[in-house]
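Report on the structure given below.
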Amino acid sequence: MSDITIVVDCNDADFARDICAALQQFPDVTALLPHHQAARDAQYASCWFPDPQLLSRSPGLKLIQAASAGVDHLPPALFASEIPLCRVIDEDFRHGMFEYALWSVLWFQRHFDRALATSEPKPGSSIPSAPRRLPYRHYGSGRNWRLYR
């Protein structure tokens, strides 16, 4: 018999199953998905975009663990309850979030979204470019600047 029962409530079923599988390495922990009958008696919850009815399905919860550094993915009902909310705090998260934010900025600044959208050739779907006049130079003569259209 395990000492700790954790209900893993995520909007991604594969992610929830992966968390349950990872928790199986601890002999005193039983990890359950929300639809399991024993989830009603769970003391702890690990959540990522959980069902808003989590509290009514598992009324014996003592703690809710957000499966992330933030809690913005949790429904408002969890904040109104008396159950403590926990979140992940890790120094590596800070660097990871910096890289994620940097990637996001570069993704749109460098128009990777548009390049990906037009990566498969489709008639009439090219990204229009702005007309420009570019200077060029004939090398060797030291002069003869011209505008290229």
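For the sequence shown, our numbering assigns the number -7 to the initial residue and increments by one for each residue that follows. Glycine is no exception: its CB is placed at the ideal position from the N, C-alpha and C atoms. A quick note: this is a predicted structure, and the numbers were derived from the prediction, not measured.
Quiz prompt | Buried or exposed by the 16-neighbour rule on C-beta atoms within 10 Å, applied to ALA34 | solution = buried
Quiz prompt | Simplified DSSP assignment, three categories, for SER60 | solution = Under the three-state reduction of DSSP, SER60 is assigned to coil, being neither helix nor strand.
Quiz item: Between VAL63, ALA61 and HIS27, which lies nearest to LEU46 when the distance is taken from Cα to Cα?
Solution: HIS27
Exercise. Report the residue from SER121, VAL(-1) and ALA122 whose alpha carbon sits nearest the alpha carbon of ALA160.
Key: The shown model of the chain, from -7 to 141, leaves out residue 160, and the question about it has no answer.
Quiz prompt | Anticipated Cβ contact below 8 angstroms, LEU25 with CYS12, distance rounded | solution = 7 angstroms
Practice problem: Please name the residue or residues paired with SER38 in a DSSP beta bridge. | Solution: VAL0 and GLN57
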